[in-house]
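>
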Amino acid sequence: MSQDPIKAQILADFISETTGEKENKSDKDWTMFVDGSSTSIKSGVGIVMISPEADHIEYAITLEFPASNNEAEYEAILLGCKLIRAAGAKRVRAYSDSQLVVSQAEGEYEARQEKMTKYLAKLREEIEKFEEFKLEQIPREQNAMADQLAKLASSNQFNAGRKITLLSAAKSAINSEEEEKRLAEEVLVGDDPLPTWTTPIVQFLAKGTGGP
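Heads up, the sequence shown is in the UniProt record's numbering, so the first residue is 1 and it goes up one at a time.
1) So for Tyr95, helix, strand or coil by DSSP?
2) Taking just the CA atoms, how far does Cys81 sit from Glu108?
3) Quick one: what does DSSP say Gly80 is sitting in, helix, strand or coil?
4) To the nearest angstrom, report how far apart Pro66 and Lys42 are at their CA atoms.
5) Just curious, the alpha helix (DSSP H) that Thr117 is in, first and last residue?
6) Is Ser154 helix, strand or coil by DSSP?
7) Assuming Arg91 contacts Glu132 under a Cβ cut-off of 8 angstroms, what Cβ separation, rounded to an integer in Å, is found between them?
8) By the three-class DSSP mapping on this structure, what secondary structure does Asp147 have?
9) Following the continuous beta strand (DSSP E) through Phe133, name the residue where it begins and the one where it ends.
10) With 16 other CB atoms within 10 Å as the buried threshold, where does Glu71 fall?
11) Does the Cβ of Asp35 have 16 or more other Cβ atoms within 10 Å, making it buried, or fewer, making it exposed?
12) Measure the Cβ-Cβ separation of Tyr74 and Val101 and say whether it is below 8 angstroms.
13) Apply the 10 Å Cβ neighbour rule to Phe121 and answer buried if 16 or more other Cβ atoms are within range, or exposed otherwise.
14) Excluding the five sequence neighbours on either side, which residues of its own chain have a C-beta within less than 6 angstroms of the C-beta of Met1, listed in chain order?
15) For the beta strand (DSSP E) that Thr39 lies in, which residues bound it at each end?
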């Protein structure tokens, strides 16, 4: 039997404990805002996950590989899918300000470039893992939180006044299956070497270990 549901429940229970929840009602809708940012220095993504109980979980993830703006936008939604599914979400309403990503996902735009074709195929694969997944485009001004996190991840600036989980993605989400297996222990690595309340989440995502 696949261990994915078990691992997802372990992480869901851990998040419930850290947020003071007695029960993680994953059968209710979760909300997710994602954004990608690409600069001449580096790229990053921002993800804001909101549980059915209105708990906010924010991620700023640095991409440790070259990525165009459109590629960063795809990385944002793909990483978001993995994180929110690991938290136990089954029904998700996702929002992105990328017209290209949303339109390609909805079949309104055709993915012609090879990389975009791979990204689109990967996104559709991830969406199929949810009971329900709705992706909508919103204006950038309505995506401010994720936009700030994406810019944070693609810069050297940090707002210490916010509780943000800083991560880094070592490789692109569209690696081959062989590469993904090899990267199982390094897909997501925490920037802070000292243990924090987020350490079990990072260990779970990177190695399938940790938890309560």
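Every residue, glycine too, gets a C-beta built ideally from N, C-alpha and C.
Taking the geometry as given:
1) Stepping through the sequence shown from its first residue, residue 95 is reached at position 95. The answer is strand: DSSP assigns Tyr95 an E or B state.
2) As a position in the sequence shown, residue 108 is number 108, starting the count at 1. As a position in the sequence shown, residue 81 is number 81, starting the count at 1. Cα to Cα, the separation comes out at about 21 angstroms.
3) Here the question's residue 80 lines up with position 80 in the sequence shown. The answer is helix: DSSP assigns Gly80 an H, G or I state.
4) Counted from its first residue, the sequence shown places residue 66 at position 66. Counted from its first residue, the sequence shown places residue 42 at position 42. So the alpha carbons of these two residues sit roughly 7 angstroms apart.
5) In the sequence shown, the residue the question calls residue 117 occupies position 117. Thr117 -> alpha helix (DSSP H) spans 114-127.
6) Translated into the one-based positions of the sequence shown, residue 154 becomes position 154. Coil, per DSSP.
7) Against the sequence shown, residue 91 aligns to sequence position 91. Against the sequence shown, residue 132 aligns to sequence position 132. Rounded, the Cβ-Cβ distance is 4 angstroms, consistent with contact.
8) To locate residue 147, count along the sequence shown from 1; it is residue 147. In this structure, Asp147 counts as helix in the three-state DSSP scheme.
9) As a first step, residue 133 must be located in the sequence shown, where it is residue number 133. First-last of the beta strand (DSSP E) with Phe133: 132-137.
10) The residue labelled residue 71 in the question sits at position 71 within the sequence shown. Result: buried.
11) Residue 35 sits at position 35 when you count from the first residue of the sequence shown. Buried, because 16 or more other Cβ atoms sit within 10 Å of the Cβ of Asp35.
12) In the sequence shown, the residue the question calls residue 74 occupies position 74. In the sequence shown, the residue the question calls residue 101 occupies position 101. Closer than 8 angstroms, so yes.
13) Translated into the one-based positions of the sequence shown, residue 121 becomes position 121. Looking at the sequence shown, residue 121 is not Phe but Ala. Exposed, by the Cβ-count rule.
14) Position 1 of the sequence shown, counted from the first residue, corresponds to residue 1. Unreliable positioning characterises Met1 in this predicted model, as indicated by a pLDDT of 39, which lies under 50. The coordinate reading is nonetheless provided below. None.
15) The residue given as residue 39 occupies position 39 in the sequence shown. Note, Thr39: premise wrong, no beta strand (DSSP E); not H, not E.
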